[in-house]
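Using the working numbering, you'd call the opening residue of the sequence shown number 74 and step up by one each time. Built from N, CA and C at the ideal position, the CB exists for glycine as well. Data block below; observations after.
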Amino acid sequence: MWFYTRAMAILYAYSRFIPHFLMILVQIGYSFLYFLAEAAFSHGMSPHVFVTYRYIVGGLVMFPLAYFLERKVRPKLTLVLFLEIFVLSLLGASLTVNIYFASLRYTSPTFITSMTNTVPSMTFIIAIMLRLEIVNLRNPRGIAKIVGTLLSLAGVLTITLYKGPEVQSLQSAPIHIKSNASQQNWVKGTILLVVSCITWSLWFIMQV
């Protein structure tokens with residue numbers, strides 16, 4: 074009886090934190106994606122070709138799941154719904170990702186990873202400007218949102234402005250990323266990345 078109770082408690086705790094585990098796995102997957110994309114770009118692949126291949130493969134993988142699992146629950150495709158899907162795809166998928174990977178050619182995977190952490194902060198700020206989010210300074214949650222936003226922005230500014238010693242990979246590493254002349258254009262890369270983060274934030278808000 075004790076073992077059954079203990080097992081049920083573990084399963085309940087696990088089911089409760091499944092979204093958190095999935096968020097961690099997504100971030101780990103994104104980290105590997107940055108390095109693989111940078112390695113592909115270093116060998117001459119165009120970011121736009123990379124994005125095209127990515128969505129072709131993703132569409133082929135997701136189509137059977139969407140067709141068989143959500144065939145009976147998806148809403149009827151109207152003109153308004155089609156236009157909403159088109160705008161979301163154009164803003165969040167095509168425009169954001171193309172600018173995003175284009176900025177990777179001028180910066181580095183580490184800088185990309187740190188800058189994308191500002192997407193929640195930008196989403197929060199834009200939502201406040203559009204009056205979709207209400208901040209209550211008397212509530213601990215409201216204070217935590219503001220403090221988290223400020224810490225996120227401060228961390229990105231620190232990584233952006235601080236130039237420490239160069240770190241090189243080991244000789245036995247499976248992937249070696251070599252910086253090139255175009256990768257030193259941090260201003261252009263930073264501008265592209267900021268635009269990508271803003272469109273990404275707008276994409277989240279438009280989904281709501």
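Select from the options the residue whose C-alpha is nearest the C-alpha of residue i.
{"i": "F123", "options": "P148, A166, L98", "result": "A166"}
{"i": "L262", "options": "R214, N171, N209", "result": "A small fix is needed here, since residue 262 is Gly in this sequence, not Leu. Closest option to G262, Cα to Cα, is N171."}
{"i": "F277", "options": "L205, M188, S225", "result": "L205"}
{"i": "R127", "options": "I91, L106, V267", "result": "L106"}
{"i": "L210", "options": "M202, L203, I219", "result": "I219"}
{"i": "L203", "options": "H121, L98, M279", "result": "M279"}
Using a Cβ-Cβ cutoff of less than 6 Å, which residues in the same chain neighbour residue i once the five nearest sequence positions on both sides are dropped?
{"i": "A254", "result": "Per-residue confidence for A254 stands at a pLDDT of 47, beneath the threshold of 50, marking its modelled position as unreliable; the derived number appears in the next sentence. Correct list: empty, nothing qualifies."}
{"i": "I91", "result": "none"}
{"i": "P182", "result": "Y107, F108, E111"}
Please go through the same chain and pick out, in chain order, the residues whose beta-carbon is closer than 8 Å to the beta-carbon of residue i, but skip the five residues on each side of it.
{"i": "T191", "result": "S225, L226, V229, C270"}
{"i": "A113", "result": "F123"}
{"i": "V281", "result": "L205"}
{"i": "V99", "result": "none"}
Report the CB separation of residue i from residue j in whole angstroms; it is logged as a contact under 8 Å.
{"i": "P213", "j": "F174", "result": "Contact doesn't hold; Cβ gap of about 39 Å is too wide."}
{"i": "T169", "j": "L266", "result": "Not quite, the Cβ-Cβ distance comes to about 11 Å (not below 8 Å), so this is no contact."}
{"i": "L161", "j": "E111", "result": "With 8 Å as the limit, L161 and E111 do not qualify as a contact, their Cβ atoms being about 27 Å apart."}
{"i": "S104", "j": "T186", "result": "6 Å"}
Note down, in chain order, each residue of its chain lying with its Cβ closer than 7 Å to the Cβ of residue i, except the 5 sequence neighbours on either side.
{"i": "V208", "result": "I201, G215, K218, I219"}
{"i": "L154", "result": "P148"}
- For the segment 270 to 277 against the segment 186 to 202, are there 3 or more C-beta pairs whose distance is under 8 Å? yes
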